[in-house]
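Everything in the sequence shown is counted per our numbering, starting at 100 for the first residue and increasing by one. Quick reminder that beta carbons are idealized off the backbone N, C-alpha and C, glycines included. This structure is a prediction, so every number in the text was calculated from the model and none was measured.
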Amino acid sequence: MARECGETAVTSRVLVGDNPTSAILRAAVEVLANGGIVAYPTDTLYGLAVDPRQEAAVDQLCRLKGRARGVGMPLIAADLRQVESWLGALPPLGRRLARRFWPGPLTLVFEPEVALVPAIHATDGSLAVRVPRCDIARRLAGLRGHPITATSANRAGMPPAATGRDVVAVFGSSVGLMLEQRGRLAGQASTIVDARGVHPTLLRAGVVPWDRVLQSLA
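The structure is reproduced here in structure tokens:
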């Protein structure tokens, strides 16, 4: 693990391939357990992870991003079982979409059966969660034992980071550890769907085309 000079500050950076060692991932999990922030690649963009059960860590992340309360903060999980064991059962529509598109870039909004740190929830109490295609992100959540935050690595209102250099330029040493991949990530955010009703509602267009979502339910 090396410490490298970024554009604005110094941060801990580890260049990882598609299958990083368990030791590297355990180091990232330790940062999360200690209330720190980990930047990590997903199948869409770089995400910023904290432990969603630690209010101080979540508040720190909100301040760092300039993110208003009430917006909510998306989560990433290792698999559907982890989602439902920690957050509660998905509604029937959500389960159908999860089985069709997970792992993948489709984020589902639903009413959880448990309350996490307030800033994780939207003002109506809902949560947003997905199981990514990226093995690194899934393994992080799996090793932590519960879902982790997956908010994009950018200041509120600014373009999300698609490279490790972007992350360092914006956040520098505020990030305790960055798991970096070479080149650019996909560069497009996940599609967000409200799965609470009988029919899905598109909340944000993204990687998964809306017509594919509708066709999967036909």
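- Between the C-alpha atoms of Ser184 and Ile175 there is a straight-line separation of about 14 Å.
- When DSSP reads this structure, Asp293 sits in a beta bridge with Val208 and Thr300.
- A Cβ-Cβ distance of about 7 Å is found for the pair Asp150 and Ile247, placing them in contact under the 8 Å criterion.
- Residue range Leu226 to Arg229 is occupied by the beta strand (DSSP E) that includes Arg229.
- At a Cβ-Cβ threshold of 7 Å, Val137 and Leu276 count as neighbours.
- Secondary structure at Val149: coil, using DSSP grouped into helix, strand and coil.
- The beta carbon of Ala261 is closer than 8 Å to those of Leu144, Tyr145, Arg283, Leu284, Ala285 and Gly286 in its chain, skipping five residues each way along the sequence.
- Bounds of any beta strand (DSSP E) do not take in Ala188, whose DSSP letter is neither H nor E.
- DSSP links Val137 through a beta bridge to Ala148 and Leu276.
- With a contact defined as Cβ atoms closer than 8 Å, Arg229 and Leu207 qualify at about 6 Å.
- A distance below 6 Å between beta-carbons, with the five flanking residues on each side excluded, links Arg166 to the following residues of its chain, in chain order: Ala255.
- The criterion of a C-beta distance shorter than 7 Å is satisfied by Leu186 and Pro211.
- Residues Arg232 of the same chain have their beta carbon placed closer than 6 Å to that of Gly203, with the five preceding and five following residues left out of the count.
- Cβ contact annotation for Leu302 (same chain, cutoff 7 Å, sequence separation greater than five): Val208, Ile291, Val292 and Asp293, in chain order.
- In its chain, beyond the 5 residues on either side, Arg237, Ala240 and Gly241 have a beta carbon closer than 6 Å to the beta carbon of Ala177.
- The beta carbons of Ser289 and Gly305 sit closer together than 7 Å.
- Counting only residues of its own chain and dropping the five nearest sequence neighbours on each side, Val182 has a CB closer than 8 Å to the CB of Ala176, Leu189, Ala197, Val228, Val230 and Pro246.
- Arg264 sits exposed, since fewer than 16 C-beta atoms from the chains shown fall within 10 Å of its C-beta.
- In terms of Cβ geometry, Gln153 and Gly134 form a close pair [threshold 7 Å].
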